[in-house]
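A quick write-up on the structure given underneath.
Numbering (our numbering), first residue to last: 11 to 343.
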């Protein structure tokens, strides 16, 4: 364990010095068992999913149906050779504020969480975890995470390892006004997890509207961000959250996986975005369950990311002319 920690420190030291991602630095320092260099074209195969989400966490039959749909997508991802399946916000349950309102649908009030079928939600999560172990498939899906009463639940992404264990959980931090006023307890921290040496960050909901969330993950040296959402997808710009996800991928020079709902797919289908902001693959723009699968190239050099780190480090101060009167006078040609 001591040697492993020491090696990780070496990798992080190189990444900090060169501006490389953790994975790129790892490729330089790690060797294969017989001493050969690590392969130059290492990839991570990822599937992004869309599916119809259910609005009532108290509808037992609907929760079972969601679980079956998720497990069907897991089998499709496994058949496609994916190492990780990324599912949308509320994949297992995506509560509607009008259904949950204790004061009725016409005047939105605090959510009545006693109506949620927590035992069935737990049952379905366990079945999903069991299949993840059977398929050896990492699975990231949106659901509800209950807290100790009277606290409201988190709206979360569960990260299920390929042995079926829940290894971490991301709780949406930047909630909408309705979510924070009536529905959920906001999260408080970023979450990073590692699959085969590849570092993933998690974001969800409306967090594509907050660039600082994604910049924080750049500083945490992730290789890819998994963004799960319920929308919106509108005919304008093919869905603003999808458009923002493209911009955030390009601005931070890492891939972004965009997982939305089937209801939203006609305007913003799920897919995977390259570090340059282009779609590598997308699901069909149809209101139906589907996956889109792509190989993430984790070693291709992208000089933009290390350059931005250098630029933010105070590079420009020594080139400025703070005492030049021509620079200080902004009112003359």
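Cβ coordinates follow ideal geometry from the N, Cα and C atoms, glycine included.
Residue 320: first and last residue of the uninterrupted alpha helix (DSSP H) it sits in: In the chain shown, the residue the question calls residue 320 occupies position 310. Note, residue 320: alpha helix (DSSP H), 314–321.
Inter-residue Cα distance where the pair is residue 241 and residue 198: For this step, residue 241 is matched to residue 231 along the chain shown. For this step, residue 198 is matched to residue 188 along the chain shown. Approximately 22 Å between the Cα atoms of the pair.
Runs of beta strand (DSSP E) lying entirely within the segment 49–135, each at least 3 residues, in chain order: 53–60 and 94–96
Alpha carbon of residue 189 to alpha carbon of residue 239, nearest angstrom: Residue 189 sits at position 179 when you count from the first residue of the chain shown. Residue 239 sits at position 229 when you count from the first residue of the chain shown. Distance between the alpha carbons of residue 189 and residue 239: 14 Å.
DSSP-derived helix/strand/coil call for residue 251: Locating residue 251 in the chain shown gives position 241, where the first residue counts as 1. Here residue 251 sits in helix by DSSP.
Nearest-angstrom beta carbon gap, residue 118 and residue 192 [assumed within contact, 8 Å]: In the chain shown, residue 192 corresponds to position 182, counting from 1. In the chain shown, residue 118 corresponds to position 108, counting from 1. With a Cβ gap of about 6 Å, residue 192 and residue 118 count as contacting.
Beta-carbon gap between residue 265 and residue 293 smaller than 7 Å: For the purposes of this step, residue 265 is taken as the residue at position 255 of the chain shown. For the purposes of this step, residue 293 is taken as the residue at position 283 of the chain shown. The answer is no: Cβ separation not under 7 Å.
Rounded distance between the beta-carbons of residue 81 and residue 131, thought under 8 Å: Looking up residue 131 in the chain shown gives position 121. Looking up residue 81 in the chain shown gives position 71. Their Cβ separation, rounded to whole angstroms, is 15 Å, which puts residue 131 and residue 81 out of contact at 8 Å.
Reference residue 291, options 320, 252, 64 and 311, closest by Cα: Start at 1 with the first residue of the chain shown, and residue 291 comes out as number 281. Checked all of 320, 252, 64 and 311; the closest Cα to residue 291 is 252.
Nearest neighbour of residue 146, chosen from 214, 333 and 95 [CA to CA]: Your numbering for residue 146 matches position 136 in the chain shown. Here the closest residue by C-alpha is 95.
Cβ-Cβ distance between residue 224 and residue 277 below 7 Å: Here residue 224 refers to the residue found at position 214 of the chain shown. Here residue 277 refers to the residue found at position 267 of the chain shown. Not a contact, by the Cβ cut-off of 7 Å.
Exposure of residue 123, with buried meaning 16 or more beta-carbon neighbours within 10 Å: As a position in the chain shown, residue 123 is number 113, starting the count at 1. Buried, since its Cβ has 16 or more Cβ neighbours within 10 Å.
Residue 267 - containing alpha helix (DSSP H), residue span: The residue you call residue 267 lines up with position 257 of the chain shown. No alpha helix (DSSP H) contains residue 267, which is instead part of the beta strand (DSSP E) from 266–269.
Residue 98 vs residue 67 beta-carbon contact at 7 Å: For this step, residue 98 is matched to residue 88 along the chain shown. For this step, residue 67 is matched to residue 57 along the chain shown. Not a contact, by the Cβ cut-off of 7 Å.
Backbone secondary structure at residue 188 - three-state DSSP: By 1-based counting over the chain shown, the position of residue 188 is 178. Residue state, collapsed to three classes: helix.
The segment 68–77 touching the segment 316–331, judged by at least three CB pairs closer than 8 Å: no
Own chain, CB closer than 6 Å to residue 43, minus 5 neighbours either side, in chain order: Here the question's residue 43 lines up with position 33 in the chain shown. For residue 43, the predicted structure reports a pLDDT of 41, less than 50, and the residue's modelled location is therefore unreliable. A value from the coordinates is still provided. Within the same chain, residue 43 has no close Cβ partners at all.
When 226, 108, 296 and 54 are compared against residue 148, the one with the closest alpha-carbon: Start at 1 with the first residue of the chain shown, and residue 148 comes out as number 138. Checking every option, the nearest Cα to that of residue 148 belongs to 54.
Inter-residue Cα distance where the pair is residue 331 and residue 340: Looking up residue 331 in the chain shown gives position 321. Looking up residue 340 in the chain shown gives position 330. One C-alpha to the other measures close to 14 Å.
7 Å Cβ cutoff met for residue 377 and residue 58: Since the first residue of the chain shown is 11 and the last is 343, residue 377 is not available in this structure.
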